[in-house]
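Enquirer:
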Amino acid sequence: MKGYNFGYLDEQTKRMIRRAILKAVAIPGHQIPFGSREMPLPYGWGTGGIQVTASVLGPDDTLKVIDQGADDTTNAVSIRRFFARTAGVRTTTHTEEASVIQTRHRIPERKLREDQILVYQVPQPEPLSRLEPSRAETKRLHALADYGLMQVKLYEDIARLGQVSISYDYPVMVNGRYLMSPSPIPAFDNPKMHGMPALQLFGAGREKRIYAIPPYTDVRSLDFDDHPFRATRAPHACGLCGATDSYLDEVVTDDRGGRLFVCSDTDYCASRRDTAQVAAQ
Amino acid sequence: MIVLHAKNLSKGFTLHLQGGVHIPVLSELDLQLRAGECVALSGPSGAGKTTLMRSLYGNYRASGGRILVRHRGEMLDLAAADPRTILAVRDETLGYVSQFLRVVPRVAAVDVVSEVLVRRGTGVEEARHRAAGLLQRLNIPQRLHGLPPATFSGGEQQRVNLARGFIGGHPILLLDEPTASLDAANQTVVVEMVREAKARGTAIVAICHDVEVRNAIADRLFEVSPLQEAA
Amino acid sequence: MSQGTLLSARRVSLAFGTIHALREVELDLWPGEVLAIVGESGSGKTTLLNLVSGRLRPDAGAVWYRDPDGALHDVHAMPDPALRRLHRSDWGFVDQNPRENLRMGVTAGGNVGERLMAQGARHYGSIREAAIDWLEQVEIDPDRIDDFPRTFSGGMLQRLQIARTLVTHPRLVFMDEPTGGLDVSVQARLLDLIRTLVARLDIAVMLVTHDVAVARLLAHRIVVMQGGRVVETGLTDQVLDDPQHAYTQLLVSSVLHA
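Residue numbers (the numbering used here), protein chains in the order written: chain A, 3 to 283; chain B, 156 to 386; chain C, 123 to 380.
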């Protein structure tokens, strides 16, 4: 595309972001500030994720973009097209073909590999933000590994509701040191982060923070010994492919209460259906 | 065996709020006390008997001289001792039954009495049991044991005070008017308790206006004379 | 600093502009003892408490703390994380206003359990049991464990603050006018509670109060302050019954007797 650098961002900016990424990888789970640039879409639409992707993308990469697990929503389509035009990279909807996957609010069901990078879009990077409004204070809490506040929140949930009420953006402890927000992925996806062979990068454009989980890192969801974390999903099979191990979306099919549960990960569902079809033939 | 020896003990008060006037009360006083004996302080009102007693207890700071107390086998100068030492001496060696019970709100009589035992490590139940026994001996009925002494009569409060003073088995006891508010029957009980304590080797300094009681418990008198007031 | 003292202030001075809040203050605190700091407003007693606990820095002098292993630490030379850890474990601070210390949006149980969780306690059942136990010890109905502090009376809030502070068995607790602003009967109950708990748990307490009666009830030793200086110090009953310094005599003679 004429007039634009590869991947839209200029090289100086990419260098700055890569430096932030290196620091982030060196201190798993710790938030690194970066000079978030103005992007051609508003805050709240994935500017952080896009800047990270732009900085790690090379001409030989294959890019997949998903939004709530789907490749075909407006945002996923727009972002994928954005990079196709500004970087000219190959794009795909198949998880196993991609070298870089940018995601909003889900982790693909298919296990990722060492040669892949997962880029998360993050609205609020600070896991303590709802418990402690002062950023200066949360900085201090992270520095001192003083996370009693979050444990108290879990205690309060169990005392009031009998279980932890957090269903997405469930806080995790990374590498035994930093409390991290995994972005608003469902709690069901948390276990996938633990020991993942792929590099996980997190970008928050509005809040101007980048953080990372290097491959094969310890990531544990906060819980109590006698109230352990459970990855919960709707107790149904996918209405399209029959999967019982994937995260499901609930789709309302008519105005008489009809509903269908389908895999949120569209590529996973489609692959299973294709495999089943081939097997049937 | 000498258990208490006040040597050249002087005590005066400087009243800064009254223009710094100095009131000497005790001057170079010498008092020795042996195990098993009871010395009664005698002298007119205001002569300094209570001042002497409070000084011996460390409640008043001596202006001069020494107050030697046999504590844990050694003679120790209470007048020069640091606060923690004084507290240890009061805990183990030197007991004091004041004229008035200082009332701690909300604490039951039986707990007021048993406190010293509990502090030394006796179990609460055992300590309360012993305290109750002593209270009953002093004719404080069972139904009052669980009540805070704030609402007790003067005589009842004094008996709680006495129970608290005697229960610890201190080798030296200072008794300030131990029978002042008591009827004859209870006076007899106190006299018995003093005799039993003496038989155990307890040394006692007592202030007693009642001559009969004084005669019953004291082995000798110690005269405290009023000083001429210095200008 | 002699063997065995828990906390010592040596020649501590602090000025706020031209106001000399503390002048060459010296004091010691021994394990298991209750030390009362008394004086009128402006005497510097609260400033002293805040300074000794690390909340304020002195202009001159030092404050030394002896840890459970016997090692000495200069409170103001300690790195921030170490001081914060100290405040969460070995030390406690009972504020005059319990609302400043408590989390009003967290249940009573959560408030009491927080220090345990901050230290790494991860068993919900045990934390809850500890919270119930402590609520009972401070005479709060354990059924209120899931209630929010905003439904508690002033006296209950203060007792909750005490439970929250003592749950980690600190060796040293600073108290700033713990009974200030409470009704007399409520005060009596609270003082009795403090007296019992402190004796039972063998905690050292540094207690600031303007009320001499509170000092007499709770403290082994007393420090009298006036104009930023220590004017008299010693055994509580001795200082209050036989005050030597003019100011102490004034203070004692001003106390109304019930």
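We treat Cβ as the ideally placed atom computed from N, Cα and C, and that holds for glycine.
Between the alpha carbons of H364 (chain B) and D324 (chain C), how many angstroms are there, rounded?
Expert: C-alpha separation (whole angstroms): 41 angstroms.
Enquirer: Need the endpoints of the alpha helix (DSSP H) that R206 (chain C) sits in, please.
Expert: Where R206 (chain C) is concerned, the enclosing alpha helix (DSSP H) stretches over D202 to R210.
Enquirer: Determine which residues of the stretch 215-247 of chain B have a Cβ less than 8 angstroms from any Cβ of chain C, and write them out in chain order.
Expert: The stretch 215-247 of chain B vs chain C, Cβ under 8 angstroms: Y215, R216, P238, R239, I241 and L242.
Enquirer: Which full runs of the beta strand (DSSP E) of 3+ residues lie inside the stretch 108-144 of chain A, going along the chain?
Expert: Qualifying beta strand (DSSP E) stretches, in chain order: 119-123.
Enquirer: Is there a Cβ from chain B that is less than 8 angstroms from the Cβ of Q371 (chain C)?
Expert: Chain B, which has a Cβ nearer than 8 angstroms to the Cβ of Q371 (chain C), makes this yes.
Enquirer: Do C193 (chain B) and V349 (chain B) count as a contact pair if the criterion is CB distance below 8 angstroms?
Expert: Contact flag set, yes.
Enquirer: From A285 (chain C) to D255 (chain C), what does the alpha carbon distance come to, in whole angstroms?
Expert: Looking at the two C-alpha atoms, the distance is approximately 9 angstroms.
Enquirer: Could you check if A385 (chain B) is buried or exposed, using at least 16 other CB atoms within 10 Å of its CB as the buried criterion?
Expert: Because the pLDDT at A385 (chain B) is just 43, under 50, the model does not fix this residue reliably, and the value given afterwards should be weighed accordingly. Exposed, since its Cβ has fewer than 16 Cβ neighbours within 10 Å.
Enquirer: In the DSSP assignment, find the alpha helix (DSSP H) that holds N341 (chain B) and state where it starts and stops.
Expert: Segment A339 to A354, the alpha helix (DSSP H) holding N341 (chain B).
Enquirer: Can you give me the start and stop residues for the beta strand (DSSP E) that V384 (chain C) sits inside?
Expert: Chain C is shown from 123 up to 380; residue 384 (chain C) falls before or after that span and cannot be answered.
Enquirer: Report the rounded CA-to-CA distance for R106 (chain A) versus Y6 (chain A), giving the unit in angstroms.
Expert: C-alpha separation (whole angstroms): 25 angstroms.
Enquirer: Give me the DSSP bridge partner(s) of Q202 (chain A).
Expert: Paired residue(s): A:L120 and A:I215.
Enquirer: Among B:R298, B:L299, B:V224 and B:Q254, whose alpha-carbon lies nearest the alpha-carbon of R188 (chain B)?
Expert: Here the sequence assigns Leu to residue 188 (chain B), which means Arg is not the residue at that position. The candidate whose alpha carbon is nearest that of L188 (chain B) is B:V224.
Enquirer: CB-CB under 6 angstroms to H171 (chain B), same chain, minus the five flanking residues each way: which ones, in chain order?
Expert: Cβ within range, chain order: n/a, list empty.
Enquirer: DSSP puts K166 (chain B) in a beta bridge; with which residues?
Expert: B:L181.
Enquirer: Which term fits N233 (chain C), buried or exposed, when burial requires 16 or more other beta carbons within 10 angstroms of its beta carbon?
Expert: Answer is buried; the Cβ neighbour count reaches 16.
Enquirer: Near V158 (chain B), which residues of its chain fall below 8 angstroms by C-beta distance, leaving aside the five closest residues on each side in sequence?
Expert: Closer than 8 angstroms at Cβ, skipping near neighbours: L188, R189, A190, V224, R225, P326, I327 and A358.
Enquirer: How do the stretch 24-40 of chain A and the stretch 57-64 of chain A stand: do at least 3 beta-carbon pairs fall below 8 angstroms, yes or no?
Expert: No, because fewer than three Cβ pairs between the stretch 24-40 of chain A and the stretch 57-64 of chain A fall closer than 8 angstroms, the two stretches do not touch.
Enquirer: Quick one, which of A:A281, A:A282, A:C240 and A:S266 has its alpha-carbon nearest D74 (chain A)'s?
Expert: Of the candidates A:A281, A:A282, A:C240 and A:S266, the one whose C-alpha sits nearest the C-alpha of D74 (chain A) is A:S266.
Enquirer: Please say whether R235 (chain A) and L250 (chain A) have beta carbons closer to each other than 8 angstroms?
Expert: For L250 (chain A) and R235 (chain A), yes; Cβs fall inside 8 angstroms.
Enquirer: Just to confirm, is the Cβ distance from P303 (chain B) to L317 (chain B) under 8 angstroms?
Expert: No. Outside cutoff.
Enquirer: Starting from I222 (chain B) and walking both ways along the alpha helix (DSSP H), at which residues does that stretch end?
Expert: Taken as a continuous stretch (DSSP letters only), I222 (chain B) belongs to no alpha helix (DSSP H), being part of the beta strand (DSSP E) at G219 to H226.
Enquirer: Check this for me: beta carbons of I23 (chain A) and A239 (chain A), under 8 angstroms apart or not?
Expert: The answer is no: Cβ separation not under 8 angstroms.
Enquirer: Taking 7 angstroms as the limit between beta carbons, can you name the residues of its chain near P216 (chain A), skipping five residues before and five after?
Expert: The answer, listed in chain order, is V27, P30 and L201.
Enquirer: Distance, Cα to Cα, E229 (chain B) vs A195 (chain B)?
Expert: Cα to Cα, the separation comes out at about 25 angstroms.
Enquirer: Just reading off the alpha helix (DSSP H) that W256 (chain C) is part of, what are its end residues?
Expert: From DSSP, the alpha helix (DSSP H) with W256 (chain C) extends over Y246 to Q259.
Enquirer: Against chain A, with Cβ distances strictly below 8 angstroms, would D268 (chain C) count as a contact?
Expert: At least one chain A Cβ lies under 8 angstroms of D268 (chain C).
Enquirer: Quick one: residues in its chain with C-beta nearer than 6 angstroms to the C-beta of F296 (chain C), no 5 flanking neighbours on either side, listed in chain order?
Expert: Taken in chain order, the residues that qualify are L171, S175, F215 and M328.
Enquirer: Can you pull the chain B residues whose beta carbon is under 7 angstroms from the beta carbon of D324 (chain C), in chain order?
Expert: Per Cβ cutoff of 7 angstroms: no residues; D324 (chain C) is ~11 angstroms from chain B at best.
Enquirer: Sorted by chain position, which residues of the same chain lie with C-beta nearer than 6 angstroms to W213 (chain C)'s C-beta, five sequence neighbours on each side aside?
Expert: These residues qualify, in order along the chain: P292 and L294.
Enquirer: Taking CB distances under 8 angstroms as the criterion, tell me whether R293 (chain C) reaches chain A.
Expert: False, the Cβ-Cβ gap to chain A never drops below 8 angstroms.
Enquirer: Tell me which residue opens and which closes the alpha helix (DSSP H) that E270 (chain B) is part of.
Expert: That run of the alpha helix (DSSP H) goes A264 to R275.
Enquirer: Taking 8 angstroms as the cut-off, does the stretch 190-206 of chain C touch the stretch 141-148 of chain C (at least 3 CB pairs, one atom from each stretch)?
Expert: Counting Cβ pairs under 8 angstroms, fewer than three are found: no touch.
Enquirer: Taking buried to mean at least 16 other C-beta atoms within 10 Å of its own C-beta, is V306 (chain C) buried or exposed?
Expert: Answer is exposed; the Cβ neighbour count stays below 16.
Enquirer: Is it the case that the Cβ atoms of G183 (chain C) and A131 (chain C) are separated by a distance below 8 angstroms?
Expert: For G183 (chain C) and A131 (chain C), yes; Cβs fall inside 8 angstroms.
Enquirer: Is A386 (chain B) helix, strand or coil when you go by DSSP?
Expert: Since pLDDT at A386 (chain B) reaches only 39, below the 50 mark, its modelled position is unreliable, and the value read off the structure follows with that caveat. Three-state result, A386 (chain B): coil.
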